[in-house]
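In my numbering, the protein residues as written are 53 to 1013.
Here's what the structure looks like:
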C-alpha cells in the first residue's frame, strides 16, 4: 500500500516523541550487511589488499552519499565537524582571526589538523596555502561539493605505514564519484530564524555509458552554493554576543564607552580632540574626567553623553559566519581497455570565495604610532614607519576645515571614516585536480597505477588596512576630513586596497600491486607492495604592502618545497581458522630532513560468528613542512599579559601604569631559524571488540592510545623555560594612570613591546587515549509499517597528557592546549545519535549531536585559577581587574538536534526539508577561547557554531531521470 503524504506529520511526531533525536547517520564500516548473492571484494581505507567484507582490524567509519544527503547539512565542513572523533584543534570558518581564514580542517582525536591526513580518492592533495596557525599543513574540506562525493571513509587509527607523513591520528578519505548515468537536477534554499545566513544551492549531474555493458562511462557534475553572512549584530541580543559584562560581574567592553580599562579615553561615535596637558599643570580635575579637556567634532555627542556611554558604537560588520560562494565542477571518464584493464580520468575545479574581517574600521592613533615590524630574509626590523607624535599643536589643522582650538597639543580620538572593516580579506580559493588511474591484472597481480597534478591557489584582496604615514600627512596638510566624506582616491591613498596570490602544488605518482602468494594455514597469504613519489611546492609570499611595513607587520608567509619518495608493503594471512593477521611497513625519504621507517601490525580474531576481537599497533611520523623549515614567518598573539615594566600589577588605576600595557596581547614573531627540526614521531595502538548478537544489530567498542613525541612547536606557550626577550619601541608620551580613574600624558621609562621572537623547536610529547563505541540497529516494523534504523557513535577521552620539560599536564576536559588552533577546547565526550524511519516514499532522519562540558583552565600554561581564565587563557578582558565568577570556569555541555525529511513525490521527483538546531539551542559561554569572531563573542566557534547560527530551515527539490 502506498504511504500517503498526509501521514508525514504523524511519522515526524512519532520520531520526536519516541526520542528519535538525531544526527546524521555515520554508517559504520562494521554495519550489518544486507543479503546479497555474492560479496564484492573492496579495498577499504587502511589496507592495500582487497577483502570480501568491511569489518577490518582497524576501526573505519563510512559515510555514504545517502548519509550525507540525509544529514541536512549544506557543506562537507559542517558534516565533518560533528564527527565524534573530531576534537581539539579542529579548524572552522567561524574563527575570523585564523591564519587560514575561510578554510576548514579536521582534527581526529584532538591532535590538530596537522596529524590527520585527508586524501581524495586515496591520493594526496595539495594543502591549503595558508597553514593552520601559520604552521600545520592541511587539506581544506570546505570547498568539496556534496554532489561530487560517493562516500567518506574515516580511518580512526595511525596509518603512516601505508600512507606516510601526517597519518598519525588517522585518515579521512573522501571518495569522489567514479561514474554516473542519467541526469539529476537539484535546488534548495535555507535561512536562519534569527536572521542572516540565507543559503542557496543548486547542482546538476549528467552521465552516459555503462562500464559493464558499454565499456565506458563519462559524466559531469556541477554545484553552486551561496551563503550569506551572519553578523554579530544579528545575535547581540544574546549574552554570548554582547560586550557589556557588567550584569555578569565583569567589565563593559562596549565600543565607544569610557571605562577604567581604557583610562576613560576611547574612540566613540563622534571623533573628538582631547587635551591631556592640563593634568600636568596641577588641574584638580585632570584628564578624562574634566570636560574642559574635550572638544567633540560632531554635535551628535558631547562630554555628558560620552561619559554616560551614550556615544557607543555597535559592531555591525563582524561575522559569526562569513559570506561564502562556491562553484564546483567534476568531470570523470572511465574506459574499459579489455577484460582485465580499465583507465579512469578525473578533473575537478572547486572554487570558494569568502569575505571576512576583524571588526569595525580602524581608529586614529591618539598620541603616537609605534610602527610595524617587518621580517625580510630572516631579518627583523621594528618600528618601521613609526610616527613619534600624532598630536596636533595649538592652532594646527586637524584635517580639512578643523583646527586645534586648545592652547596645548591635543590628541585625536575616533574611528577613521570611509574605510572597510579592519583587516578585511576577500579570499578566493581555487582547487584543481587532475588524476589518471590505470587498474588491471597482469601475471597474477592486481595492479593500480596512478598519477596526478593538484593545485590550490588563493587570490586574496585586502582592505581595511591603514598607511599611517599617508593618513597623518593628509590630515596635517588639511586634505583629509576626519568627519568623513573623503574622495575614493584619497581613501585609497590612506587605506589602499591590495592583493596577493598564494599557491601550493602537489604532483604525485603511485604504483601498487597485490596478489595471493600461497596458502598458509587456514587461508591465503596475500601481499601488496608499492612505491610513492610526490613533490610539494609552496609559494605563499607575504603581501607587498606588509612586506615593507607600509600598512602593517609582515603577513604570514611560507616558501619552500619537499620531495618524498617511498616504498611500502603489506602482508595479510589467516594462519589458523578465524584469525586474521597483518603486517605493513613503509620507508620514506624526504629531501628536507632524511628518512623514516614506520611499521604496523594488526589482527582480527572471530572466535564465534557473533563476536570479533581486533587490534592494531602502528608507528607514525609527521615530516617538517615548508612553514616550519622553509623561508617562512608570521606574527601571532594568543595570550594576554601585563607588561612587566609598564603595568607590573595589572591595574589601570595604579598611578604610573601605562593604560595600554595592562592586559595587552603581545605580538610574537614565528621564525624558522632552527633548521635542524626532526619529524614528529608517534606510536599508537587500538584494541576492540565487534559484536553482532542478533540479526540487524552491530556493535563495536575500540580503545585507542596515541603518543606523539618530538613535537614541533613554537617556544612561546609550549616551553615553560621560555622567557620572551621583548623588543621595545622608543619611549614616547602616552596615556598613563594618574591614580584612580584619572589619567595624564607622560613619557614612561621604556617604550612599548613591539614583539618577542619565538622559533620552532622539537620539545615534549602528547599522549591521548580513550574509547569509541559504535552501535547500529536496523529493524523492520510489523505489518509493512516501514523500517527504523538507529546509530550511535560516541567517543570518550580518558586522558590527554602533554609533557614539556619533564612536567606532564592533564588537558582532557580543559581548554588546553590553548596555544593551538584558537583554543578550541578539549571536551572528554562527544557523541552522535541518529534515528531514521522510512516507508515507501517517506524517509525521516533525526540526529542528536552532543559535546560534553569542559573547564576553561589550561594547566599547560599555568592557568589554573578560575578567577582569571578569561584573561590568562583566552586573552579576553571580560573580568580584567576583577574576580571572574566561578560560573565561567566551566563550559556547559551542548546538544543540538537536526531533522531531515525526504519524500519521493513520484519516480523522478524528491522533496526534501530540514531543520538544523531544531530546538534553537544557544551556545554556552566559553571565556577561555579566542577562536571566534573577536572579543564581542564569548562562545566556542569550533564546537558550538550550530548554536550561534541558531535554528536553520531548508527546503529542496531533486529531479532525476
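Cβ atoms here follow ideal geometry from the backbone N, Cα and C, with glycine treated the same way.
Does residue i have its Cβ less than 8 Å from a Cβ in chain D?
{"i": "residue 481", "result": "Included in the structure is just one protein chain, with no chain D present."}
Could you give the C-beta distance for residue i and residue j, rounded to a whole number, given that I count them as a contact under 8 Å?
{"i": "residue 797", "j": "residue 785", "result": "5 Å"}
{"i": "residue 711", "j": "residue 787", "result": "5 Å"}
{"i": "residue 474", "j": "residue 413", "result": "6 Å"}
{"i": "residue 999", "j": "residue 948", "result": "7 Å"}
{"i": "residue 518", "j": "residue 468", "result": "7 Å"}
{"i": "residue 203", "j": "residue 117", "result": "6 Å"}
{"i": "residue 207", "j": "residue 133", "result": "Going by Cβ atoms, the distance from residue 207 to residue 133 rounds to 18 Å, so no, they are not a contact pair."}
{"i": "residue 762", "j": "residue 730", "result": "6 Å"}
{"i": "residue 655", "j": "residue 632", "result": "6 Å"}
Can you tell me which of the options puts its alpha carbon nearest to the alpha carbon of residue i?
{"i": "residue 189", "options": "958, 547, 536, 219", "result": "219"}
{"i": "residue 112", "options": "824, 532, 783, 543", "result": "824"}
{"i": "residue 575", "options": "592, 629, 614", "result": "629"}
{"i": "residue 903", "options": "135, 107, 258", "result": "135"}
{"i": "residue 807", "options": "325, 690, 522, 160", "result": "690"}
{"i": "residue 429", "options": "239, 593, 585, 821", "result": "593"}
{"i": "residue 767", "options": "120, 520, 720", "result": "720"}
{"i": "residue 263", "options": "236, 230, 722", "result": "230"}
{"i": "residue 426", "options": "747, 599, 1013, 145", "result": "599"}
{"i": "residue 445", "options": "439, 205, 458", "result": "458"}
{"i": "residue 462", "options": "449, 913, 470", "result": "449"}
{"i": "residue 683", "options": "216, 564, 722", "result": "722"}
{"i": "residue 966", "options": "442, 114, 120", "result": "120"}
{"i": "residue 896", "options": "951, 848, 542, 498", "result": "951"}
{"i": "residue 638", "options": "454, 99, 95", "result": "99"}
{"i": "residue 293", "options": "1002, 1011, 1012, 991", "result": "991"}
{"i": "residue 152", "options": "160, 187, 102", "result": "187"}
Run through the DSSP bridge pairs and tell me what residue i is partnered with.
{"i": "residue 964", "result": "954, 1008"}
{"i": "residue 276", "result": "254, 379"}
{"i": "residue 237", "result": "256, 1011"}
{"i": "residue 455", "result": "449"}
{"i": "residue 648", "result": "640"}
{"i": "residue 405", "result": "377, 480"}
{"i": "residue 829", "result": "749, 842"}
{"i": "residue 611", "result": "591, 683"}
{"i": "residue 497", "result": "494"}
{"i": "residue 391", "result": "Answer by DSSP bridge pairing: none, since residue 391 is not bridged."}
{"i": "residue 191", "result": "According to DSSP, which records beta bridges pairwise, residue 191 is partnered with nothing at all."}
{"i": "residue 268", "result": "387"}
{"i": "residue 367", "result": "Looking at the DSSP assignment, residue 367 forms no beta bridge with any residue, so it has no partner."}
{"i": "residue 786", "result": "798"}
{"i": "residue 228", "result": "201"}
{"i": "residue 207", "result": "112, 223"}
{"i": "residue 913", "result": "DSSP, once it has assigned bridges, lists no residue as partnering residue 913."}
{"i": "residue 879", "result": "Paired residue(s): none; residue 879 is not in a bridge."}
{"i": "residue 160", "result": "138"}
Decide if the segment 475 to 495 is in contact with the segment 382 to 399; the criterion is three or more beta carbon pairs, one per stretch, under 8 Å apart. yes
If we count Cβ pairs, one from each stretch, closer than 8 Å, do we get three or more for the segment 664 to 673 versus the segment 270 to 290? no
Quick one: which unbroken alpha helix (DSSP H) runs of 4-plus residues sit fully inside the segment 665 to 750? Chain order, please. With a minimum length of 4 residues, the continuous alpha helix (DSSP H) runs that stay inside the segment 665 to 750 are 678 to 681.
Entirely within the segment 538 to 564 and at least 4 residues each: give me those alpha helix (DSSP H) ranges in chain order. 540 to 546
Decide if the segment 530 to 539 is in contact with the segment 500 to 515; the criterion is three or more beta carbon pairs, one per stretch, under 8 Å apart. no
Decide yes or no for the touch test of the segment 564 to 584 against the segment 600 to 607: beta carbon pairs closer than 8 Å, at least 3 of them. no
Three-pair Cβ contact test at 8 Å for the segment 957 to 971 versus the segment 931 to 945: no
Using a Cβ distance threshold of 8 Å, determine whether the segment 581 to 595 contacts the segment 606 to 625, with at least three qualifying pairs required. yes
Using 8 Å as the Cβ pair cut-off and three pairs as the minimum, do the segment 259 to 267 and the segment 375 to 391 touch? yes
Whole beta strand (DSSP E) elements within the segment 795 to 830, 3-residue minimum: For the beta strand (DSSP E) assignment, the uninterrupted runs of no fewer than 3 residues enclosed by the segment 795 to 830 are, from N- to C-terminal side, 805 to 814.
Given 8 Å, three or more beta-carbon pairs between the segment 995 to 1013 and the segment 883 to 893: no
Should the segment 121 to 140 be called in touch with the segment 183 to 199, which here means at least 3 C-beta pairs below 8 Å? Between the segment 121 to 140 and the segment 183 to 199, the count of C-beta pairs closer than 8 Å reaches three or more; the two stretches touch.
If you pair each beta-carbon of the segment 750 to 761 with each one of the segment 826 to 834, do three or more pairs fall below 8 Å? yes
Three Cβ pairs or more, each shorter than 8 Å: is that satisfied between the segment 727 to 742 and the segment 658 to 672? Yes, the segment 727 to 742 touches the segment 658 to 672.
Measuring CB atoms only, is the segment 220 to 240 touching the segment 346 to 355, in the sense that at least three cross pairs come out at less than 8 Å? no
Per the contact definition of three or more C-beta pairs closer than 8 Å, is the segment 356 to 366 in contact with the segment 302 to 310? yes
Kindly confirm or deny that the segment 363 to 376 and the segment 145 to 160 touch, where touching means at least three C-beta pairs closer than 8 Å. yes
Can at least three beta-carbon pairs, one atom from the segment 918 to 927 and one from the segment 975 to 994, be found at a separation below 8 Å? yes
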